[in-house]
Each structure stands twice: as structure tokens, then as C-alpha cells.
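Residue numbers (the numbering used here): 1 to 137.
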Amino acid sequence: MNRAVEELRSASHLRFESPEPESRQGRRNVRAAGVQLLDADGAISVELEACLAHIFAKYCTPRPEKQPGLLVPPPSAYLSSEGLDNWARDTNGAAFDSDSKEELLMFMDCTDEGGLTFDGFLQVYQLQTYIDQSCLV
Numbered sequence: 001m002n003r004a005v006e007e008l009r010s011a012s013h014l015r016f017e018s019p020e021p022e023s024r025q026g027r028r029n030v031r032a033a034g035v036q037l038l039d040a041d042g043a044i045s046v047e048l049e050a051c052l053a054h055i056f057a058k059y060c061t062p063r064p065e066k067q068p069g070l071l072v073p074p075p076s077a078y079l080s081s082e083g084l085d086n087w088a089r090d091t092n093g094a095a096f097d098s099d100s101k102e103e104l105l106m107f108m109d110c111t112d113e114g115g116l117t118f119d120g121f122l123q124v125y126q127l128q129t130y131i132d133q134s135c136l137v
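Right, dumping it as C-alpha cells:
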């Protein structure tokens, strides 16, 4: 038998500490209470909003400043037509068709020039969550 395999088997009873905080061996990053995507009122939770801000910041104009950790979009940031297409392509595999993009920009929060704001971006996810919940009932 390979010596490395023998050593691994003899050490298999050892449970090394995981480098991630709040993690347990065998299941990574499971928190006792879990992470809620929505708060008690059905609004987007603080944790989900931070994740969505990071996603938005990857596609927004103007670009956020480089920093360690999650990206934070500038207060005046928006998704241009190109940013919206890039986000849709990365998320869904294809850019929005013109009708879908027009509908999105008509009903969600946008700049006067037609760029999707971060609030509008949150509305997209909030609406999707609402639609998904109504399909379950």
C-alpha cells in the first residue's frame, strides 16, 4: 500500500480545525440560526443586501473603488445598458431581449437617463422572491 495513503488512514480520526469561522467539520459555514434572505416583513435581509450590492458593483457605472472584502457601489451608481446585459448574461446565460429590458426599466427604479439604480436592482430580486413565494401557495 502507498505510504501516504497509510498515513492518511491512520490520521483519519484527527479532525483538523477549519480555517473558516463558525464552521463545523463535515459541513462548511453552517450557522446555528442560518442566514435569512428575507426579514420578518418579507424585505431583503441585511446579509442578502450586502451580497447583492457586491454583485451590482461588479457591473455598475461608475466602478467602485478597489477594497478588500465585498465591493460597495458608489451612491450614484447605476447599471447602463451594457452593464445590464453583462449581468443578465452572467446570471442567465443570455442578455435581455429589448422588450424585457424595456419592461424592467419601466417598472424598476432608474436614473433619468434610463440606468437601473441599486434600489431598482433590489426591486428585481424582491419581485422575483415575491413571485416565487406566490407560486408555492
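All residues carry an ideal CB built from backbone N, CA and C; glycine is no exception.
Identify every residue that forms a DSSP beta bridge with residue i.
{"i": "Cys-110", "result": "Leu-116"}
{"i": "Leu-38", "result": "Ile-44"}
{"i": "Thr-91", "result": "According to DSSP, Thr-91 bridges with nothing at all."}
{"i": "Thr-61", "result": "Tyr-78"}
Flag this pair as yes or no: are the beta carbons of residue i and residue j separated by less than 7 Å?
{"i": "Phe-107", "j": "Phe-56", "result": "no"}
{"i": "Pro-64", "j": "Pro-74", "result": "yes"}
Short of 7 Å in beta carbon distance, which residues of its chain neighbour residue i, apart from the five on each side in sequence? Order them along the chain.
{"i": "Gln-123", "result": "Met-108 and Asp-109"}
{"i": "His-54", "result": "Leu-70 and Leu-71"}
Grouping DSSP H, G and I as helix and E and B as strand, with all else coil, what is residue i?
{"i": "Leu-104", "result": "helix"}
{"i": "Leu-79", "result": "strand"}
{"i": "Asp-85", "result": "helix"}
{"i": "Gln-128", "result": "helix"}
Can you list, in chain order, the residues of its chain with a C-beta nearer than 6 Å to that of residue i? Leave out the 5 residues immediately preceding and following it.
{"i": "Leu-105", "result": "Gly-114"}
{"i": "Leu-48", "result": "Leu-37"}
Task: At least three beta-carbon pairs within less than 8 Å, the region 56-67 to the region 79-91 - done: yes
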